[in-house]
Amino acid sequence: MIKQLDFYGYPYVGIYGSNTENLVILPHDLPKDTVAEVAEVLEVEPVTTLINESTLIGSMLTGNSNGIIVSDLALDREIRPIEEYVPVARLPGKMTAVGNIVLANDNAALVHPGLSDKSIEIVENTLKVTVKRGTIGGLKTVGMAGFATNKGLLVHPRATEEELSFLEDLFNLPVDIGTVSFGSPLVGSAILATTKGLITGTRTSGPELGRIEDALGFIGE
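Numbering (my numbering), first residue to last: 311 to 531.
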């Protein structure tokens with residue numbers, strides 16, 4: 311299923327929410343019908359919370375079917391609803407926008423090149439995947455510069471051939487370039503997707519949506 315909708319009147323669903331193949335984590339003050347609709351489209355269980363008392367959940371955490379990595383600023387009471395479904399680990403250090411600096415699916419993870427060895431070990435142990443440092447389009451905020459499902463990746467349109475090849479080898483999946491919201495290269499800011507469903511903001515154009523569907527494996531099913 312494919313759906314276009316906004317959160318709080320903004321198209322940046324990937325900043326306010328985050329999902330795995332099994333869960334979608336959303337702010338608890340989103341309308342209940344919106345939460346239910348997102349869960350239905352993605353075919354996942356919904357969890358509502360805040361992270362560091364912020365609604366910017368997609369910027370503050372990320373994960374896969376094995377676990378969730380969250381900002382070190384997250385409060386215990388904010389993490390508990392997620393822990394009912396999957397293990398959660400805090401990432402120590404000054405890089406608190408975890409969702410912006412980690413791009414992951416069930417196969418692999420690409421992380422900010424400045425992430426410490428200790429943090430990478432936490433990501434590896436929690437998500438149970440191979441983790442490599444790298445950039446996308448020269449950007450270190452790989453979690454916003456790309457989006458990955460277990461079928462494919464969509465990344466920043468300025469990604470180099472070397473970066474694309476590296477991503478294909480790391481994730482063992484096809485990688486394509488594209489934009490969201492009428493030309494924004496930060497594709498992770500406006501996409502929530504599983505292998506079963508896709509949500510993007512209402513400002514994403516028809517041609518952009520077609521590119522997203524193709525990259526993430528919704529075309530030709």
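Even for Gly, the Cβ is constructed at its ideal location relative to N, Cα and C.
Whole-angstrom C-beta distance between residue j and residue i, which should lie under 8 Å
i, j, result
"Thr359", "Asp339", "The pair is not a contact, with the Cβ atoms about 10 Å apart (cut-off 8 Å)."
"Thr514", "Val490", "5 Å"
"Thr505", "Glu331", "7 Å"
Distance CB(residue i)-CB(residue j) smaller than 8 Å
i, j, result
"Pro423", "Thr445", "yes"
"Leu333", "Glu353", "no"
"Leu425", "Arg443", "yes"
"Val452", "Tyr395", "no"
"Ala384", "Asn417", "no"
"Gly462", "Leu483", "yes"
"Val441", "Val421", "yes"
"Leu502", "Glu523", "no"
Cutoff 8 Å: residue i Cβ touching any chain C Cβ
i, result
"Tyr326", "In the structure shown, chain C does not exist; there is a single protein chain."
Cβ-based burial, residue i [other Cβ within 10 Å; buried from 16]
i, result
"Ser429", "buried"
"Ala419", "buried"
"Arg521", "buried"
"Tyr322", "buried"
"Phe317", "buried"
"Thr510", "buried"
"Pro402", "exposed"
"Glu518", "buried"
Reference residue i, options the options, closest by Cα
i, options, result
"Leu480", "Glu350, Ala414, Leu385 and Thr330", "Ala414"
"Thr436", "Val412, Ile379, Ile529 and Phe476", "Ile379"
"Gly447", "Gly498, Thr440, Glu473 and Glu347", "Glu473"
"Phe457", "Ser369, Val345 and Leu336", "Ser369"
"Gly527", "Val485, Pro495 and Thr510", "Val485"
"Asn335", "Val351, Thr372, Ile312 and Asp343", "It should be pointed out that residue 335 corresponds to Ile in this sequence rather than to Asn. The shortest Cα separation from Ile335 among Val351, Thr372, Ile312 and Asp343 belongs to Thr372."
"Gly377", "Asn410, Glu388, Ile312 and Ile392", "Ile392"
"Tyr326", "Glu431, Thr344 and Asp427", "Thr344"
"Glu434", "Leu449, Asn374, Ala407 and Thr470", "Asn374"
Practice prompt. Jot down the residue ranges of each uninterrupted alpha helix (DSSP H) in the stretch 416-470, minimum 4 residues, whole runs only, in chain order.
Written response: Here the runs fully enclosed are 427-437 and 452-455.
Practice prompt. Counting only runs of 4+ residues fully inside the stretch 321-379, write out the alpha helix (DSSP H) ranges in chain order.
Written response: 323-326, 342-352 and 367-370
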